[in-house]
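2 protein chains.
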Amino acid sequence: MPRPTKRHPERGDARTRLLEAARDVIRQKGFTATTVDDLCKAAGVTKGAYFHHFESKEALGVAAAQFWTETTGAFFRQAPYHAPEDPLDRVRAYVDFRKSIIEGVPAEFTCLVGTMTQETYDSYPAIREACAESIFGHAATLEADIEAAMKERAISADWTAASLARHTQAVLQGAFILAKATGDREIARESVDHLKRYIELLFDRPSDMTGAPGRLGAPAKST
Amino acid sequence: MPRPTKRHPERGDARTRLLEAARDVIRQKGFTATTVDDLCKAAGVTKGAYFHHFESKEALGVAAAQFWTETTGAFFRQAPYHAPEDPLDRVRAYVDFRKSIIEGVPAEFTCLVGTMTQETYDSYPAIREACAESIFGHAATLEADIEAAMKERAISADWTAASLARHTQAVLQGAFILAKATGDREIARESVDHLKRYIELLFDRPSDMTGAPGRLGAPAKST
DNA sequence: ACTTACATACCAACTATTCGGTATTTATTC
DNA sequence: GAATAAATACCGAATAGTTGGTATGTAAGT
């Protein structure tokens, strides 16, 4: 459906430009502080175009979250961390990759849907849901590798692949907040290092260490 | 300075009531979406009172962050997790405590300054700074216990007590985002469990891992 | 002919902030 | 300790600018 505009044929259609503007501006100013005019200016379109493509600001928020899901989905799918044979190596490579793309200023490396979640979770259920789908959909792409790694190393744990996958996202989202608070991306990378260390520790020790209670980090069941 | 109003003697002064309202409303709607009218209504004061105490909305944001620092500071200072003799037990107890206070709906258990950071880091440097002070000031209160635990167990690691303390806050902030995205506090608790498991694993093994990885919780004296 | 993709002008509601005023407390003086 | 002065705390209507959204029009593609 999107058709290259005759008026600005080189820059893609207005809808796409608006979504790209939303991605950039909202990560900088937040969803509420970003006005429709801001987006139109950034995208180089008029309000008429805006409301032709999005019936409301909320609708744009939903579309922006979905756009984020699609674009980052493609980005991660083609990323090099899937290459290793060993599934655990793929998980390691994923974390390394996430660390490596923490570059530039926060508005560039932070997560649009994480930001929008904070602002909209109570006021715009539709946006919240689109953000949740984005976050947990991405987390789900890690599950298979984690699961395979657990099987391969005979890890029988009190945690699941799904929960560890979600935890990686929590660490990243939290790391982004600390980076925004300081303006220092190093502080985000530091938390990713902790995440990596955690994963190493989880998989470092086989599960069937018979006789040693509370070895897996679970609080030792008191006798 | 704050003086109990004659008009509403039972509810404290207007300034305090506005800060409490800010704490509650901003956690629900976010900083930008929270209007001055919202705050006045929630606090039961007029706009005149508002602008008597805060010269701008930005100033209120700063004051709200500082109010958060003070109140949560007192709250954590008197919390029971400081009781254990063993410093590592105090760290464990801290994490358990943080998990235990994830109760009710997100607006109740999430962090005001984490929320505000996301929205204001680029537009309101003063607020960002107050939020950063709050987050890292709180993180700093964990450092001594972590440091002591490291010393006691002769952990010589490639991470510092300060960085682990910051990481705990990253995990919590990230956990809050996932909870907001789903509306489910369990998902936040899950990440706190991972954090706890990480800490157990970090301290489970003595630093001089000669032979078998550290089996005992007992501190193995490193050479 | 009909739909899609824009453009322009406009608006009603809302926003943060201002400001002249009153009430209440504190400080000072007698 | 009464009278008075000076702050401080609060009130609420008015304002100027901004906001998301609309109404209406036009030009291009099919």
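Protein chains in written order, with numbering that gives the first Met the number 0: chain A, 0 to 222; chain B, 0 to 222. All residues carry an ideal CB built from backbone N, CA and C; glycine is no exception.
- Message: Please identify, using Cβ separations under 8 Å, the residues of the region 150 to 161 of chain B that lie next to chain A, in order along the chain.
- Response: 158
- Name the chain A residues whose beta carbon is nearer than 8 Å to that of residue 130 (chain B)? Here residue 130 (chain B) is taken as the residue at index 131 of the second sequence, counted from 1. Near residue 130 (chain B) (Cβ distances below 8 Å), the residues of chain A are 180.
- Message: Looking at residue 25 (chain B): is its Cβ nearer than 8 Å to the Cβ of residue 94 (chain B)?
- Response: Along the second sequence, one-based indexing puts residue 25 (chain B) at 26. Along the second sequence, one-based indexing puts residue 94 (chain B) at 95. No; because the gap between Cβ atoms is not below 8 Å, this pair is not in contact.
- Message: Taking its Cβ as the centre, do 16 or more other Cβ atoms sit within 10 Å of residue 100 (chain B), making it buried, or is it exposed?
- Response: Here residue 100 (chain B) corresponds to residue number 101 of the second sequence, with the count starting at 1. Looking at its Cβ environment, which holds fewer than 16 other Cβ atoms inside 10 Å, residue 100 (chain B) is exposed.
- With 8 Å set as the bound, which would you pick, yes or no: does the beta-carbon of residue 176 (chain B) sit closer than that to a beta-carbon of chain A? For the purposes of this step, residue 176 (chain B) is taken as the residue at position 177 of the second sequence. Closer than 8 Å: yes.
- Can we say the region 145 to 159 of chain A touches the region 99 to 117 of chain A, given the rule of at least three CB pairs closer than 8 Å? no
- Give the residues of chain B in contact with residue 118 (chain A), contact being defined as C-beta atoms less than 7 Å apart. Mapped onto the first sequence, residue 118 (chain A) falls at position 119. Within chain B, the residues near residue 118 (chain A) are 29, 32 and 118.
- Message: So with CB distances below 9 Å, who are the chain A contacts of residue 105 (chain B)?
- Response: For the purposes of this step, residue 105 (chain B) is taken as the residue at position 106 of the second sequence. Under the 9 Å cutoff, chain A gives 120 and 121.
- Message: Against chain A, does residue 68 (chain B) count as a neighbour if the rule is that its beta carbon must be under 8 Å from one of theirs?
- Response: Translated into the one-based positions of the second sequence, residue 68 (chain B) becomes position 69. Answer no: the Cβ-Cβ gap between residue 68 (chain B) and chain A never drops below 8 Å.
- Query: For residue 110 (chain A), which of helix, strand or coil comes out of DSSP?
  - Reply: Mapped onto the first sequence, residue 110 (chain A) falls at position 111. Looking at residue 110 (chain A) - three-state DSSP - the assignment turns out to be coil, as it is neither helix nor strand.
- Message: Please list, in chain order, the chain B residues whose beta carbon lies closer than 8 Å to that of residue 140 (chain A).
- Response: Taking the first sequence and counting its residues from 1, the one referred to as residue 140 (chain A) is at position 141. Those do not exist, as residue 140 (chain A) stays about 16 Å from chain B at its closest Cβ, beyond 8 Å.
- Item | Top-ranked residue by Cα proximity to residue 177 (chain B), from A:51, A:78 and A:132 | On the second sequence, position 178 is the one that residue 177 (chain B) refers to. For the residues A:51, A:78 and A:132, the minimum Cα distance to residue 177 (chain B) belongs to A:132.
- Query: Counting contacts by CB-CB distance shorter than 8 Å, is residue 97 (chain B) in contact with chain A?
  - Reply: On the second sequence, residue 97 (chain B) is found 98 positions in, with the first residue counted as 1. No, because no Cβ of chain A sits closer than 8 Å to the Cβ of residue 97 (chain B).
- Query: For residue 200 (chain A) and chain B, any beta-carbon pair shorter than 8 Å?
  - Reply: Here residue 200 (chain A) refers to the residue found at position 201 of the first sequence. Closer than 8 Å: yes.
- When DSSP labels each residue in this structure, what does residue 105 (chain B) get in the three-state scheme? Here residue 105 (chain B) refers to the residue found at position 106 of the second sequence. Reduced to three states, the DSSP call for residue 105 (chain B) is helix.
- Got a sec? Which residues, its chain only, sit under 6 Å from residue 42 (chain B) by beta carbon, not counting five neighbours each side? Here residue 42 (chain B) corresponds to residue number 43 of the second sequence, with the count starting at 1. Around residue 42 (chain B): 16, 17 and 20.
- Host alpha helix (DSSP H) of residue 27 (chain A) (start-end): Along the first sequence, one-based indexing puts residue 27 (chain A) at 28. It spans 13 to 28 - the alpha helix (DSSP H) in which residue 27 (chain A) sits, taken as one unbroken run.
- Please confirm if residue 189 (chain A) has its CB atom under 8 Å from at least one CB of chain B. As a first step, residue 189 (chain A) is located in the first sequence; it is residue number 190 there, counting from the start. True, the Cβ-Cβ gap to chain B drops below 8 Å.
- Task: Determine the burial state of residue 66 (chain B): buried for a count of at least 16 other Cβ atoms within 10 Å of its Cβ, exposed for fewer.
- Result: If you number the second sequence from 1, residue 66 (chain B) lands on position 67. Counting Cβ neighbours within 10 Å, residue 66 (chain B) comes out buried, since at least 16 surround it.
- Message: Strictly under 8 Å for the Cβ-Cβ distance: is residue 137 (chain A) near chain B by that measure?
- Response: For the purposes of this step, residue 137 (chain A) is taken as residue 138 along the first sequence, with counting starting at 1. Answer no: the Cβ-Cβ gap between residue 137 (chain A) and chain B never drops below 8 Å.
- Query: Should residue 89 (chain A) be flagged as near chain B, meaning a C-beta pair shorter than 8 Å?
  - Reply: For this step, residue 89 (chain A) is matched to residue 90 along the first sequence. By this cut-off, residue 89 (chain A) is not an interface position.
- Item | Partner residues on chain B for residue 184 (chain A), Cβ-Cβ distance less than 9 Å | Position 185 of the first sequence, counting from 1, holds the residue named residue 184 (chain A). By Cβ distance, chain B contributes nothing, its closest Cβ being about 13 Å from residue 184 (chain A), past 9 Å.
- Message: Between which two residues does the alpha helix (DSSP H) holding residue 51 (chain B) run?
- Response: Reading the second sequence from its first residue, position 52 is the one you call residue 51 (chain B). Note, residue 51 (chain B): alpha helix (DSSP H), 46 to 52.
- Message: At the 8 Å Cβ level, is residue 127 (chain A) part of the contact set with chain B, yes or no?
- Response: To locate residue 127 (chain A), count along the first sequence from 1; it is residue 128. It does: the Cβ of residue 127 (chain A) has a partner Cβ on chain B nearer than 8 Å.
- Query: Within 10 angstroms of its Cβ, does residue 46 (chain B) collect 16 or more other Cβ (buried), or is it exposed?
  - Reply: Start at 1 with the first residue of the second sequence, and residue 46 (chain B) comes out as number 47. Its Cβ having fewer than 16 others within 10 Å, residue 46 (chain B) is exposed.
- Exposed or buried, what is residue 14 (chain B) when buried is set at 16 or more other beta-carbons lying within 10 Å of its beta-carbon? Here the question's residue 14 (chain B) lines up with position 15 in the second sequence. It is buried - the Cβ of residue 14 (chain B) has at least 16 other Cβ atoms within 10 Å.
- Message: As a quick exercise: from B:79, B:130 and B:34, pick the residue whose alpha carbon is nearest that of residue 168 (chain B).
- Response: Along the second sequence, read from residue 1 onward, the residue named residue 168 (chain B) stands at position 169. Checking every option, the nearest Cα to that of residue 168 (chain B) belongs to B:130.
- Message: Quick check: residue 121 (chain B) and residue 28 (chain A), are their CB atoms within less than 8 Å of each other?
- Response: Translated into the one-based positions of the second sequence, residue 121 (chain B) becomes position 122. Translated into the one-based positions of the first sequence, residue 28 (chain A) becomes position 29. Yes, the Cβ-Cβ distance between residue 121 (chain B) and residue 28 (chain A) is below 8 Å.
- Query: Using a Cβ-Cβ cut-off of 6 Å (strictly less than) and excluding sequence neighbours within five positions of residue 215 (chain B), which residues of its own chain qualify?
  - Reply: On the second sequence, residue 215 (chain B) is found 216 positions in, with the first residue counted as 1. Low local confidence applies: a pLDDT of 39 at residue 215 (chain B) is under 50, so the model's placement there is unreliable, and no value is given.
- Less than 8 Å separating the beta-carbons of residue 187 (chain B) and residue 127 (chain A)? Against the second sequence, residue 187 (chain B) aligns to sequence position 188. Against the first sequence, residue 127 (chain A) aligns to sequence position 128. Taking 8 Å as the Cβ cut-off, residue 187 (chain B) and residue 127 (chain A) do not qualify as a contacting pair.
- Under 8 Å between C-beta atoms, does residue 145 (chain B) make it to chain A? As a position in the second sequence, residue 145 (chain B) is number 146, starting the count at 1. Output row for residue 145 (chain B): interface = no.
- Item | Cβ-based contacts, 9 Å cut-off: residues of the region 54 to 84 of chain B near chain A | none
- Would residue 144 (chain B) pass as a contact of residue 86 (chain B) if the rule is Cβ separation under 8 Å? By one-based count along the second sequence, residue 144 (chain B) stands at place 145. By one-based count along the second sequence, residue 86 (chain B) stands at place 87. Their beta carbons are under 8 Å apart, which means residue 144 (chain B) touches residue 86 (chain B) by this criterion.
- Item | Cutoff 8 Å: residue 165 (chain A) Cβ touching any chain B Cβ | Working through the first sequence from its first residue, we reach residue 165 (chain A) at position 166. By this cut-off, residue 165 (chain A) is an interface position.
- Item | Neighbouring residues, chain A, relative to residue 197 (chain B) (Cβ below 8 Å) | Against the second sequence, residue 197 (chain B) aligns to sequence position 198. Under the 8 Å cutoff, chain A gives 193, 196, 197, 200 and 216.
- Query: By the criterion of Cβ-Cβ separation under 7 Å, what are the contact partners of residue 170 (chain A) in chain B?
  - Reply: The sequence position of residue 170 (chain A) within the first sequence is 171, counting from 1. Per Cβ cutoff of 7 Å: 169, 170 and 173.
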